[in-house]
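Q: In this note's numbering, the protein residues as written are 75 to 380.
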Amino acid sequence: MVAAGGVWEGHELLSEERGLVRHFLARQVGDTGALVWLHVHEGARLDAGVFAEEIARLQRLADEVPEVVPVLYGGVSGAVAWAASPVLGDTIPLLDATRGNDLGPADLQVLIDIGRCLVRAHALSFIHGALSPDRVVVGDDGRYAITHFGFARLFQLGPEDARQDPYGYAPPELFSGGRLGPRADVYGLGTIMYELLCKRALSPWTRPPSFPSGIPPMLQVMMQRALEESPARRQPSIDEILSVLTPFARAWEELGAPPDPAREDISAEPSGARHRPDEAAPLLVEDEANARASGRGGRGERARLG
Numbered sequence: 075m076v077a078a079g080g081v082w083e084g085h086e087l088l089s090e091e092r093g094l095v096r097h098f099l100a101r102q103v104g105d106t107g108a109l110v111w112l113h114v115h116e117g118a119r120l121d122a123g124v125f126a127e128e129i130a131r132l133q134r135l136a137d138e139v140p141e142v143v144p145v146l147y148g149g150v151s152g153a154v155a156w157a158a159s160p161v162l163g164d165t166i167p168l169l170d171a172t173r174g175n176d177l178g179p180a181d182l183q184v185l186i187d188i189g190r191c192l193v194r195a196h197a198l199s200f201i202h203g204a205l206s207p208d209r210v211v212v213g214d215d216g217r218y219a220i221t222h223f224g225f226a227r228l229f230q231l232g233p234e235d236a237r238q239d240p241y242g243y244a245p246p247e248l249f250s251g252g253r254l255g256p257r258a259d260v261y262g263l264g265t266i267m268y269e270l271l272c273k274r275a276l277s278p279w280t281r282p283p284s285f286p287s288g289i290p291p292m293l294q295v296m297m298q299r300a301l302e303e304s305p306a307r308r309q310p311s312i313d314e315i316l317s318v319l320t321p322f323a324r325a326w327e328e329l330g331a332p333p334d335p336a337r338e339d340i341s342a343e344p345s346g347a348r349h350r351p352d353e354a355a356p357l358l359v360e361d362e363a364n365a366r367a368s369g370r371g372g373r374g375e376r377a378r379l380g
């Protein structure tokens, strides 16, 4: 049995935190004694070859999108699948980093930057699948890191795993056993948007979400749509959200106040407008049933998790 205080696959397990999978702060046994996070899923007999191929895919993703925290190595031992990721130093959770901010263009730019990372991953046919506010951390250099990218697909997570998340931020389709597609990341970005802009925790079980005073109506509509229980009712892509959010943030910066779309000239940027000429537009199909995804752990891991 894998448990804190024991040794697993050459790692001394120091402490445990739970979420969609189990997370152990671990020390490599040997000369280096390096600290890593071990992410462990028990009970699912996964194919070792397929698991290794998926780790290799995620490593290539981290090479292409440096904001994605890499998977270092991993394997399958009987009914236990496990993967290691680095312990991130000098990082704090996104919400802690922005806690003192007043609602304004700076918060919107944070969302735009995170969204652009997701768009680049989607263009490479990767999705996160269970993105949430605690899955984004900020380094002392101001750069973002997105953790647990690919875990739902890597560990083949399902409804039972989703129910282990005490915060309920997994997309509804993971709870219901449906396939995860790009709109799962729309939902995940919606959870980040809500907590970042509303300055309070989202209750995923309250539908529709309530909003504090001072949130511009257009942003309320955007968040409410992104957080729809049915994927078909959400925005079809992160790109569509950015096509509206980017000019809205720009106008807010120029005006010094939230713009009124009915009075200001705020038109959505064309889809793909933020791609460089050598970047392909997202190739993921609209059919959510053909897409797969990845997951996250519990909020208790905070900034240390990778």
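Note that beta-carbon positions come from the ideal geometry of N, C-alpha and C, so glycine has one too.
As the structure is a prediction and not an experimental result, all values here were calculated from the model.
Name the DSSP beta bridge partners of residue 167, please?
A: Along the sequence shown, one-based indexing puts residue 167 at 93. In the DSSP output, where bridge partners are listed per residue, residue 167 has 211.
Q: So if DSSP puts residue 99 in a beta bridge, which residue, or which two residues, is it bridged to?
A: As a working note, residue 99 is residue 25 in the sequence shown. DSSP, once it has assigned bridges, lists 89, 111 as partnering residue 99.
Q: Bridge partners for residue 157 per DSSP, in chain order?
A: In the sequence shown, the residue the question calls residue 157 occupies position 83. Partner(s): 113, 148.
Q: Take residue 282 as the anchor and find which of 273, 310, 288, 304 has the nearest alpha-carbon.
A: Locating residue 282 in the sequence shown gives position 208, counting from the first residue. Nearest option by C-alpha distance: 304.
Q: Please go through the same chain and pick out, in chain order, the residues whose beta-carbon is closer than 8 Å to the beta-carbon of residue 100, but skip the five residues on each side of it.
A: Within the sequence shown, residue 100 is the residue found at index 26, counting from 1. Contacts found: 82, 85, 86, 87, 88, 109, 110, 111, 112, 158.
Q: Determine the direct distance from the alpha carbon of residue 104 to that of residue 227, and round the result to whole angstroms.
A: Along the sequence shown, one-based indexing puts residue 227 at 153. Along the sequence shown, one-based indexing puts residue 104 at 30. Their backbone Cα atoms lie some 31 Å apart in a straight line.
Q: Checking 7 Å against the spacing of the C-beta atoms, do residue 297 and residue 264 come in under that value?
A: The residue given as residue 297 occupies position 223 in the sequence shown. The residue given as residue 264 occupies position 190 in the sequence shown. Yes, the Cβ-Cβ distance between residue 297 and residue 264 is below 7 Å.
Q: Taking residue 127 as the reference, give the member of 138, 195, 149, 232 with the closest Cα.
A: Locating residue 127 in the sequence shown gives position 53, where the first residue counts as 1. Ranking 138, 195, 149, 232 by Cα distance to residue 127 puts 149 first.
Q: Looking only at its own chain, which residues have a Cβ that is under 7 Å from the Cβ of residue 209, when we skip the five neighbours before and after it?
A: Counting from 1 along the sequence shown, the entry for residue 209 is found at position 135. These residues qualify, in order along the chain: 220, 221, 222, 370.
Q: Within a Cβ cutoff of 8 Å, which residues of the same chain sit near residue 114, ignoring the five residues on either side of it in sequence?
A: Taking the first residue of the sequence shown as 1, we reach residue 114 at position 40. Closer than 8 Å at the Cβ level, and outside the excluded window around residue 114, lie 76, 82, 95, 96, 97, 98, 154, 155, 156.
Q: Could you spell out the range, first to last residue, of the alpha helix (DSSP H) harbouring residue 289?
A: To locate residue 289, count along the sequence shown from 1; it is residue 215. That residue, residue 289, is in no alpha helix (DSSP H); it is neither H nor E in DSSP.
Q: What is the DSSP secondary structure of residue 142, reduced to helix, strand or coil?
A: Position 68 of the sequence shown, counted from the start, is the residue given in the question as residue 142. Strand, per DSSP.
Q: Count the other CB atoms, across all protein chains shown, that sit within 10 Å of the CB of residue 274; report buried if there are 16 or more and exposed otherwise.
A: Here residue 274 corresponds to residue number 200 of the sequence shown, with the count starting at 1. So residue 274 counts as exposed.
Q: For the segment 120 to 138 against the segment 246 to 266, do three or more pairs of beta-carbon atoms, one drawn from each stretch, fall closer than 8 Å, so that the two count as touching?
A: The answer is no - the segment 246 to 266 does not touch the segment 120 to 138, with fewer than three Cβ pairs under 8 Å.
Q: Leaving out the 5 sequence neighbours to the left and right, which residues in its chain are closer than 6 Å to residue 249 when beta-carbon positions are compared?
A: As a working mapping, residue 249 is identified with position 175 in the sequence shown. Hits under 6 Å: 233, 236.
Q: Look at the alpha carbon of residue 308 and the alpha carbon of residue 106, and state the distance between them as a whole number of angstroms.
A: Start at 1 with the first residue of the sequence shown, and residue 308 comes out as number 234. Start at 1 with the first residue of the sequence shown, and residue 106 comes out as number 32. If you take the alpha carbons of residue 308 and residue 106, they lie about 47 Å apart.
Q: Is residue 240 buried or exposed, if buried means 16 or more other CB atoms sit within 10 Å of its CB?
A: Within the sequence shown, the letter at position 166 stands for residue 240. Residue 240 is exposed by the Cβ-count criterion.
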